[in-house]
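Residue numbers 205 to 425, in our numbering, belong to the letters of the sequence shown in order.
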Amino acid sequence: MADLGVESRAVRSSVSRMKRREVLRGERREGVAGYSLADSTLQTLAEGDVRIFHRARASREDGWVLVVFSVPESEREKRHELRTALTRLGLGTVASGVWVAPGHLADEARRTLERRGLSGYVDLFTGDHFASRDLGAKVRSWWDLDELTAMYAHFLDRYRPVLEAVTRREPQPLEAFRIYLPMLTEWRRMPYRDPGLPWNCCRRSGTGWPRANCSTSSTPR
């Protein structure tokens, strides 16, 4: 980690915290003490890889999933935990206690809520949207697409020149790792904010959707 500018004291502190949270577990190999990822962590990372690297894009035929929840005032912390989980899944807000996502996220939402012990507070429904008003306008009221657009545009502005540079000259392994890790760290947050809406719900008149450019040019692999 020193090659990435991280001090050994900070590494030891982080490892200690992750062990207390059961993200890591102690393990000995050939008499040498060390750490490995806990089984639950491996499962979370495997699901995260699908989200980060192979995110599906919905179509209108997928329909929608509604998450309706009610949490007693006496369990306010659970309400915060639930909202945080739904935000990380990329759901949008229709009304207080009513969240929405493209239908292809239904299974992921169900698994996540069950794993966190939150499924008892929610009801999940799937179905189609029927209304005379423009669906694109409704989608923009459920999600902050301007914020998502800015996040993807910033990523492209920062890393497209890097992509062009490494295309012209292949970096040495250590240099490549120093580029890759912070790029992946920045990238991995965005797919959790992006629900994978149908393309025609993302575009506005005369504008594109920068996620498409990320997917075809700069996405970490």
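C-beta atoms are modelled at their ideal positions from N, C-alpha and C, and glycine is treated no differently.
| Check | Outcome |
| --- | --- |
| Status (buried if at least 16 other CB within 10 Å, exposed otherwise) for F273 | buried |
| Inter-residue Cα distance where the pair is R372 and L385 | 20 Å |
| Stretch pair the segment 291–302 + the segment 225–243: three plus CB contacts closer than 8 Å | no |
| Host beta strand (DSSP E) of D327 (start-end) | 326–331 |
| Neighbourhood of Y396 by C-beta, 7 Å cutoff - its chain only, sequence neighbours within 5 removed | R255, R292, G294 |
| Cβ pair W347, P399 closer than 9 Å | yes |
| Exposure of F359, with buried meaning 16 or more beta-carbon neighbours within 10 Å | buried |
| Backbone CA spacing between W268 and R225 [nearest angstrom] | 35 Å |
| Beta-carbon contacts of K342 that lie in its chain and below 8 Å, excluding the five residues immediately before and after | H333, A335 |
| Stretch-stretch touch, CB-based, cutoff 8 Å, three pairs: the segment 242–255 with the segment 279–291 | no |
| Under the three-state DSSP convention, the category P276 falls into | coil |
| Alpha-carbon to alpha-carbon, T330 and H308 | 10 Å |
| Spatial distance of G238 from R382 (CA atoms) | 24 Å |
| T411 burial status per 10 Å Cβ neighbour count (16 or more: buried) | At T411 the pLDDT is 45, less than 50, meaning the model places this residue with poor confidence and gives no usable figure here. |
| Continuous alpha helix (DSSP H) stretch holding P375: start and end | Careful: P375 lies outside any alpha helix (DSSP H) and carries neither H nor E. |
| Sub-9 Å separation of A310 and L328 beta-carbons | yes |
| Where M394 falls, given that 16 or more other Cβ within 10 Å makes a residue buried | buried |
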